[in-house]
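Enquirer: Residue numbers (our numbering), protein chains in the order written: chain A, -1 to 160; chain B, 3 to 574.
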Amino acid sequence: MRHIISALVQNEPGVLAHVAGMFAARGFNIDSLVVGETESPEQSRMTIVVRGDDRVLEQVRKQLAKVVAVIKVRDFSGVAHVERDLMLVRLSVPAERRGPVLDLINIFRGRVVDVSPKSILVQLTGPEDKIEAFIECCRPYGIKELARTGVIAMTRGAKEKE
Amino acid sequence: MMAREKKAKAIDSKGKARTGAAIFRQTLEAEGVDTIFGYPGGVVLPIFDELYESLDKFVLTRHEQGAAHAADGYARSTGKVGVVLATSGPGACNLITGLATAHMDSIPVVAFTGQVKTTLIGNDAFQEADVTGISRSVTKYNILVKDVKDLARVMHEAFHVARTGRPGPVLVDIPFDVSMAELNGEPDEQIRLPGYKPQLTGNPRQIKAAAEALNASKRPVIYVGGGVILANASKLLRELASKANVPVTTTLLGLGALDQDSELSLDMLGMHGTAYANYAVQDCDLLLAVGARFEDRVTGNLAEFAPKAKIVHIDVDPSSISKNVKVDIPVVGDAGNILEALVKLAEHKGRKAWFEQIAKWKKQYPMGYDRKSSKIKPQYVVEQICEATKGQAIVTTGVGQHQMWTAQFYKWKFPRQIISSGGLGTMGFGLPAANGAQRGNPGKVVIDVDGDGSFCMTMQELITSVNYSLPVKVMIMNNGYLGMVRQWQELFFGKRYSATKIKSPDFAALARGFGATGMVVQDRSEVREAIEQSLATEGPVVVDFHVDPEENVWPMVPAGKSLHEMKMGPLA
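This is the structure we're talking about:
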C-alpha cells in the first residue's frame, strides 16, 4: 500500500543523506522524496511516498523517528489530507496542431508556461493520479521531456496540535 | 543517565580567546572523560598538542581499530562512555569496524576524527575521506563541525546521544581549521536536539498489562538481552525474577544479568544456547523480553519461535518492538524504570509443574563435552579459567567457537563481566577490548579468551598492553582452524574445509617479542597450572593452548531451523 509520510527535520547538512541512507540500508522502497524549508528556517519538511504493508510502514515510521535530526513523523494514511505533485512537461506539438492539446490542458486545469515553434511547456499540479492521467492523455502527442517534484501533503482542516 | 551539570569554560578568567583544540580538551574534562584511546595524525596535531599536558589520560594503540575496540571494551566494562580519537582519512576509516561493532551492541562510544580544512573538503585533499558519509549507517548520530562556535555544543550533544536512550556510538568530525580557530566570547554549550527525546518511563497501562500477563502465566520465561546490562537494571531483574518466581534465559550480551548459580537461571538461549533454555522458550506461555531484540541467532526460525507464548517486550527503542516478532504487550522505556514498576506489581506464584519440567530438561540435557578425552578440550580450558579466577574475572572474547565455549562454560556472576561482540560478530575484538576493560578496571583480572584466527586479526595491540602495563591474560584456544566456519563446513558443506585451515605463528615466542610473557600448553595435565601461573605473572601473558582441533560447539540450532530442532551432537 502507498503511504505518504511527512517528516519534520532539522535544517542541517547531512540530514537528507541520513534519511535517504536509512531507507536504502533497511531496504525500504521510496516512490518520491521531497525536501523544502518550512516557515522556520531551522526546520525542513520531507515528504516521502513509500510502499509497503503495515509492518513495513510501522518500521519506516519508527526508523525515521529514530534519526536524531528528525523531529516529528506522521503518516497521512487514513487521514483527510490534500496532496499535490507539480509537473513540467514539454510536448512536441507544432503550432497548427495545438488546438486539441490546449483543450486537454484546460480540462486538467494546467497552464502553458513556455512556447516555441515546435513545442509547448505545460505546468500541471494535482494529486499523483491526476498527473498520471494527464501524462497518458499526452503520450500520443509526443512527450519530449518531463519533470515532477514528487508529492507534498498536508492534512485538511485546522492545523493539528504538534 | 543524567546530563552533565558541569560545563567547560572556553574562556579563561582573563577572557582570553581559546582555540578549538582547547575547547575540545576542556569539553572532554567537563564531560568527566578520564581515558581517550587513539592514534595521532596530521590534521589532529592541534588537538594532540593540547593533550600534551594530560597524556596520562591517553592510550596510544597501534591501529585505530584497536582504539575503537578498546573504547568499546572500556565502555562495556565500566558503564561510562568510551572515547576514541583518530586522524582524518585512513585513521577515521580504520575506526569503522569498531564503530559498527559498538553500534550493533548499543555501546556508548564517542569517536572524534580530524578532518581536512573546511576549505579543502570535497577536493580530494591528502588524507581526506567523507567520514560522516562513511560512518552514517554504523553510528547512532554523526556530525561534521564547521564552525568553532559550535564545537562545545556538538561535543556535549555527542555524549548525550551516546549515553541516553538506546546507547550507541556517535562520531564528531573536526576539521583542522576548526581546531585551530580562536573563539572570542562564550561558546554555545546548550544541547539543542529537538528531534531527540528518548522515552524513558513506560506507559503505566502497558506495565499493568504486562504484570497481569505475568501473574496469570503458568509457564513464563524472562528473556534478557544486553539492554538490561546497559540500563544497569540487573539488580531489578533479579528482584523481579525471584519475586515472581520466573526462570530467566539471556542472550550472549545479557549474560551476567542473572547470577548463573541461581536456581532460576536457564543460561543462554539461541543457536548455541542450552537445550533447557530453548525448550523452555518453545514451551512457555509467556515470554517477557527485556532489552533484547529477537535477533535471528536467538530466535531460529521466526515462524515457530515461542509458538505458545504471549510476548511482552520491554525496550527503550520503539523500533525494536515488533521488528522481528509480533509483540502482544509492548512497553517502551528504560528497563530500570519499567522493571522497578513490574517488581511492585508482580505476585509470587509456585509454578510447581513448570519448574519440574525445567528440572527434567536440565537433568536430561546438561551442558557437557567429552570430559574423559586425553586431548585438551577447549571447554575444559574455559572451566579451568573460571575456577582459577573464582568466576570473578572480566572476560573478553574474539568471535567464533571459542566465544561460544566461553559463553557456555564460564559461570557468569555479574553484569559487565563478559565483553563480547554479539551483533556484528567482530573477530579481533578480544585483545583490544581487554586492553580497554583493563584500563577501566585497574585492579581486576581481565582475561581475553581468544581464537588463533581472531587473535591474529588485532594482535599488534599486545604492544599497547605492554606499553601501558595492562596485565591482560590472553588464553588462545589454538585449534589450527577458523573453527566456527570449519564446523559449518563439516556439518553443512561435506567437510570441504575451504580456506579454514590456518597456520599460526609461535604465539608464545611472539608474546615474548612484544615484551609480554608467552606460554604454550600441549598437555591436558598442564592446563590448570598454566592458568594459575599466568594469573600470578605480572604484566600481560599469552597462553597458547593447543586444543582438540576438530571439537565442535554443541548444542546447535542449524540456521533457519526452530529452537526445538537443535542438534545435541555427541552430548545426546
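Virtual Cβ for every residue (Gly too), placed ideally from N, Cα, C.
1. Applying a beta-carbon distance threshold of less than 7 angstroms, which residues of chain D neighbour A/Glu56?
2. Going along the chain, which unbroken runs of the beta strand (DSSP E) with 3 or more residues stay wholly within the region 431 to 504 of chain B?
3. Any residues in the region 9 to 24 of chain A with a beta carbon nearer than 9 angstroms to a beta carbon of chain B? Which ones, in chain order?
4. B/Gln28 to B/Thr21, Cα distance in whole Å?
5. With a threshold of 6 angstroms on Cβ separation, who are the neighbours of B/Leu266 within its own chain once the five nearest residues in sequence on each side are excluded?
6. Determine the DSSP secondary structure at B/Ile193, reduced to helix, strand or coil.
7. Report yes or no: do the region 74 to 85 of chain B and the region 102 to 118 of chain B share at least 3 C-beta pairs separated by less than 8 angstroms?
8. Tell me where the alpha helix (DSSP H) around B/Glu159 begins and ends.
9. Which same chain residues end up closer than 8 angstroms to A/Arg154 when comparing Cβ atoms and leaving out the 5 residues on each side of it in sequence?
10. Beta-carbon within less than 6 angstroms of A/Leu102's beta-carbon, same chain only, minus the 5 sequence neighbours each way: which residues are those?
11. The beta strand (DSSP E) that contains A/Lys142, what's its start and end?
12. With 16 other CB atoms within 10 Å as the buried threshold, where does A/Thr36 fall?
13. Could you spell out where the alpha helix (DSSP H) holding B/Asn205 opens and where it closes?
14. Select from the region 47 to 80 of chain A all residues with a C-beta closer than 8 angstroms to any C-beta belonging to chain B, and list them in chain order.
15. Indicate the three-state DSSP secondary structure (helix, strand or coil) for B/Leu238 in the structure shown.
16. Any C-beta of chain A within less than 8 angstroms: which residues of the region 184 to 199 of chain B qualify?
17. In whole angstroms, what is the alpha-carbon distance linking B/Pro171 and B/Lys312?
18. What did DSSP end up calling B/Lys119 once you bin it into helix, strand or coil?
19. Comparing alpha-carbon positions, which option in A/Ile28, A/Gly19, A/Val47 and A/Lys116 lies nearest A/Ala151?
20. Return the residues of the region 160 to 173 of chain B that lie within a Cβ-Cβ distance of less than 8 angstroms from chain A, sorted by chain order.
21. Within 10 angstroms of its Cβ, does B/Glu463 collect 16 or more other Cβ (buried), or is it exposed?
22. With distances taken from CA atoms, which of B/Tyr470, B/Asp546 and B/Gly204 is nearest B/Asp58?
23. What three-state label does DSSP hand B/Arg373 in the structure shown?
24. From the DSSP secondary-structure annotation, give me the bridge partner or partners of B/Pro222.
25. Got a sec: which bits of the region 134 to 145 of chain B sit with their beta carbon under 9 angstroms from any beta carbon on chain A, in order along the chain?
26. Ordered along the chain, which non-local residues of its own chain (more than five positions away) have a Cβ less than 8 angstroms from that of B/Ala127?
27. What residues in its chain sit with their C-beta under 6 angstroms from that of B/Gly229, if we drop five residues either side in the sequence?
28. Exposed or buried, which one is B/Ser375 when buried takes at least 16 other CB atoms within 10 Å?
29. Relative to the C-alpha of A/Pro11, which candidate in B/Asn144, B/Ala390, B/Asp36 and B/Ala24 has its C-alpha closest?
30. When you compare the CB of B/Pro444 with every CB in chain A, is at least one pair closer than 9 angstroms?
31. Hey, is A/Val7's beta-carbon within less than 9 angstroms of any beta-carbon in chain B?
32. Would B/Ser90 pass as an interface residue toward chain A - the criterion being a Cβ-Cβ separation below 9 angstroms?
33. CA-CA distance, A/Thr123 and A/Val110?
34. How would you list, in chain order, the residues of chain A whose beta-carbon sits under 7 angstroms from the beta-carbon of B/Ser456?
35. Specify the secondary structure class of B/Ala1 as computed by DSSP and reduced to three states.
36. Could you tell me which chain A residues have their CB closer than 7 angstroms to the CB of B/Ser108, listed as they occur along the chain?
Expert: Considering the structure as presented:
1. The structure shown contains no chain D; its protein chains are A and B.
2. With a minimum length of 3 residues, the unbroken runs of beta strand (DSSP E) contained wholly in the region 431 to 504 of chain B fall at 448 to 453 and 475 to 480.
3. Glu10, Pro11, Gly12, Ala15, His16, Gly19, Met20, Ala22 and Ala23
4. Roughly 11 angstroms between the two C-alpha positions.
5. Ala243, Pro249 and Val250
6. coil
7. yes
8. Val150 to Arg165
9. So the qualifying residues of the chain are Ala78, His79 and Val80.
10. Cys135
11. Ile141 to Arg146 is the span of the beta strand (DSSP E), which, as asked, contains A/Lys142.
12. exposed
13. Where B/Asn205 is concerned, there is no enclosing alpha helix (DSSP H), given that its DSSP letter is neither H nor E.
14. Arg53, Glu56, Gln57, Lys60, Gln61, Ala63, Lys64, Val65, Val66, Ala67, Val68, Ile69 and Lys70
15. helix
16. Leu195, Pro196, Gly197 and Tyr198
17. 33 angstroms
18. coil
19. Looking at A/Ile28, A/Gly19, A/Val47 and A/Lys116, the one whose alpha-carbon comes closest to that of A/Ala151 is A/Val47.
20. Answer in chain order: Val163.
21. buried
22. Considering only alpha carbons, the answer is B/Tyr470.
23. coil
24. B/Leu288
25. Thr134, Gly135, Arg138, Ser139, Lys142, Tyr143, Asn144 and Ile145
26. Val118 and Lys119
27. Gly293 and Ala337
28. exposed
29. Considering only alpha carbons, the answer is B/Asn144.
30. no
31. yes
32. So, not an interface residue.
33. Near 12 angstroms, if we compare the C-alpha coordinates of A/Val110 and A/Thr123.
34. Taking a Cβ-Cβ cut-off of 7 angstroms, B/Ser456 has no neighbours in chain A, whose nearest Cβ is about 27 angstroms from it.
35. Outside the modelled stretch of chain B, which goes from 3 to 574, sits residue 1 of chain B, for which no answer is possible.
36. Ordered by position in chain A, no residue passes the 7 angstroms Cβ test against B/Ser108, which lies about 12 angstroms from the chain.
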